[in-house]
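For reference, the structure is listed below as structure tokens.
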Amino acid sequence: MLQLVSGDLNYVNSVILDRMQSDVVLIPELAGHLIAGGGKRMRPMLTLACARLLDYPGTRHHKLAAAVEFIHTATLLHDDVVDGSGLRRGQRTANIIWGNPASVLVGDFLFSRSFELMVEDGSLKVLRILSRASAVIAEGEVDQLTAQRRIETTEDHYLQIISAKTAALFAAACRIAAVVAERDEDVEEALDAYGRNLGIAFQLIDDAIDYASDAETMGKGVGDDFRDGKVTLPVILAVARGTDADRSFWRDAMEGRRVSDEDLAHATRLLHSTGAINDSIARARHYGQRAIDALGPFPAGKAKSALVEAVEFAIARAY
Numbered sequence: 239m240l241q242l243v244s245g246d247l248n249y250v251n252s253v254i255l256d257r258m259q260s261d262v263v264l265i266p267e268l269a270g271h272l273i274a275g276g277g278k279r280m281r282p283m284l285t286l287a288c289a290r291l292l293d294y295p296g297t298r299h300h301k302l303a304a305a306v307e308f309i310h311t312a313t314l315l316h317d318d319v320v321d322g323s324g325l326r327r328g329q330r331t332a333n334i335i336w337g338n339p340a341s342v343l344v345g346d347f348l349f350s351r352s353f354e355l356m357v358e359d360g361s362l363k364v365l366r367i368l369s370r371a372s373a374v375i376a377e378g379e380v381d382q383l384t385a386q387r388r389i390e391t392t393e394d395h396y397l398q399i400i401s402a403k404t405a406a407l408f409a410a411a412c413r414i415a416a417v418v419a420e421r422d423e424d425v426e427e428a429l430d431a432y433g434r435n436l437g438i439a440f441q442l443i444d445d446a447i448d449y450a451s452d453a454e455t456m457g458k459g460v461g462d463d464f465r466d467g468k469v470t471l472p473v474i475l476a477v478a479r480g481t482d483a484d485r486s487f488w489r490d491a492m493e494g495r496r497v498s499d500e501d502l503a504h505a506t507r508l509l510h511s512t513g514a515i516n517d518s519i520a521r522a523r524h525y526g527q528r529a530i531d532a533l534g535p536f537p538a539g540k541a542k543s544a545l546v547e548a549v550e551f552a553i554a555r556a557y
């Protein structure tokens with residue numbers, strides 16, 4: 239996908255660099271720390287690749303892809319403050335370097351920039367899609383916060399959370415390509431379904447490798463979800479399949495009473511012995527296949543192949 243959209247991505251990056259500037263020096267300094275910090279640009283690349291899939295010949299998608307990246311970056315800045323994270327993409331988080339207030343306010347600045355770019359595009363439909371996605375992401379984050387440390391969280395509730403906090407922006411990033419290419423509603427829906435299912439698969443893998451990878455691979459602290467009391471799908475499955483003693487351990491762990499390295503190692507053993515990690519990855523494959531199936535109506539070619547490979551890449555991170 240990167241090879242497919244590299245030319246367009248150069249334009250997007252120039253828009254990002256231009257629009258993150260400010261006379262207030264701290265803003266580009268802090269924003270640049272995250273934006274230039276090794277991110278894959280996956281969401282804006284989806285906008286570009288979907289536009290290529292539809293043979294869109296214009297340039298409107300460049301600014302909109304930048305808007306998508308600004309929304310994503312703003313949510314990361316806010317998430318790291320909420321989670322108290324110390325590591326992001328293998329380097330110290332902005333909130334650790336500049337403090338929580340600066341991170342929150344620069345996140346607000348980037349959200350504002352994204353809306354400026356949407357307004358400049360001039361399409362009320364695009365504005366509706368991306369503004370709705372922004373609201374849904376915030377709802378998902380609040381929903382996750384209320385579910386934190388509650389081991390009674392169900393799988394359905396968990397999927398509702400990640401559909402909002404992660405998949406909504408994937409879906410919107412893909413859907414807006416159909417709008418700028420002036421395609422019918424069914425094309426919009428197909429790209430929305432592709433992005434949404436890819437986003438769910440992506441988050442499922444993220445949640446699995448939080449227990450099954452290392453900091454260098456993940457670019458964040460191993461076991462962050464465990465110590466933060468985030469009840470993700472691997473934990474939900476392990477709780478459902480465990481003994482009474484296991485459930486007691488998980489309750490203590492999620493409520494913050496079992497957070498040592500030894501406790502994390504024990505949690506990881508339980509996740510493997512109950513098949514919770516493997517089954518979470520299997521769920522991710524299921525949603526990945528649904529994403530690929532959504533591309534069925536589109537003709538074969540480089541763009542479609544790249545979008546399929548994006549799904550395969552999202553899943554392969556678990557291995």
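Mapping of the sequence shown onto this note's numbering: position 220 corresponds to residue 458, and the numbering continues sequentially without gaps. We treat Cβ as the ideally placed atom computed from N, Cα and C, and that holds for glycine.
Notebook entry, point to check: What is the DSSP secondary structure of Arg330, reduced to helix, strand or coil?
Noted result: Strand, per DSSP.
Notebook entry, point to check: Under 8 angstroms between the Cβ atoms of Leu314 and Leu264?
Noted result: No; because the gap between Cβ atoms is not below 8 angstroms, this pair is not in contact.
Notebook entry, point to check: Alpha carbon to alpha carbon, how far is Gly467 from Leu292?
Noted result: Taking the straight line from one Cα to the other gives about 42 angstroms.
Margin query: I want to know whether the stretch 351 to 358 touches the stretch 301 to 317 - three or more CB-CB distances under 8 angstroms.
Written below: Between the stretch 351 to 358 and the stretch 301 to 317, the count of C-beta pairs closer than 8 angstroms reaches three or more; the two stretches touch.
Checklist line | For Leu286 and Glu420, the rounded distance between their alpha carbons | finding: The straight-line gap from Cα to Cα measures roughly 15 angstroms.
Next item on the list: Take Ala385 and list the residues in its own chain whose beta-carbon comes closer than 8 angstroms to its own, dropping the five residues that flank it on each side.
Entry: Taken in chain order, the residues that qualify are Thr391, His395, Tyr396, Ile399 and Val469.
Checklist line | C-beta contact flag for Leu284 and Gly378 at 8 angstroms | finding: No; because the gap between Cβ atoms is not below 8 angstroms, this pair is not in contact.
Note to self: Residues in the same chain with beta-carbon distance under 6 angstroms from Met258, minus the five sequence neighbours each way, listed in chain order, please.
What the structure shows: So the list reads Pro266 and Ala269, once near-sequence residues are dropped.
Check: Under 8 angstroms, do Met239 and Ala548 count as touching if we go by C-beta distance?
Finding: Yes. Within cutoff.
Next item on the list: Give me the Cα-Cα distance between Val243 and Met280, rounded to the nearest whole angstrom.
Entry: Val243 and Met280: Cα-Cα distance of roughly 11 angstroms.
Note to self: Using a Cβ distance threshold of 8 angstroms, determine whether the stretch 441 to 451 contacts the stretch 536 to 546, with at least three qualifying pairs required.
What the structure shows: Contact check between the stretch 441 to 451 and the stretch 536 to 546: fewer than three CB pairs, one atom from each, fall below 8 angstroms, which does not count as touching.
Next item on the list: To the nearest angstrom, report how far apart Ala520 and Gln527 are at their CA atoms.
Entry: Between the C-alpha atoms of Ala520 and Gln527 there is a straight-line separation of about 11 angstroms.
Notebook entry, point to check: Given that a residue counts as buried once 16 or more other Cβ atoms are within 10 Å of its Cβ, and exposed if not, what is Gly360?
Noted result: Flag for Gly360 reads exposed.
Next item on the list: Could you work out which residue in Ala415, Ala274, Lys301 and Ala373 is closest to Tyr249 when comparing CA atoms only?
Entry: Ranking Ala415, Ala274, Lys301 and Ala373 by Cα distance to Tyr249 puts Lys301 first.
Next item on the list: Taking Arg387 as the reference, give the member of Ser350, Ala446, Gly296 and Arg465 with the closest Cα.
Entry: Distance from the Cα of Arg387 is smallest, within the candidate group Ser350, Ala446, Gly296 and Arg465, for Arg465.
Check: My guess is that Ala415 and Leu429 are in contact by the Cβ rule of under 8 angstroms, so how many angstroms apart are they, rounded?
Finding: With a Cβ gap of about 6 angstroms, Ala415 and Leu429 count as contacting.
Checklist line | Stretch-stretch touch, CB-based, cutoff 8 angstroms, three pairs: the stretch 491 to 510 with the stretch 470 to 480 | finding: Taking 8 angstroms as the limit for Cβ pairs, the verdict is that the stretch 470 to 480 does touch the stretch 491 to 510.
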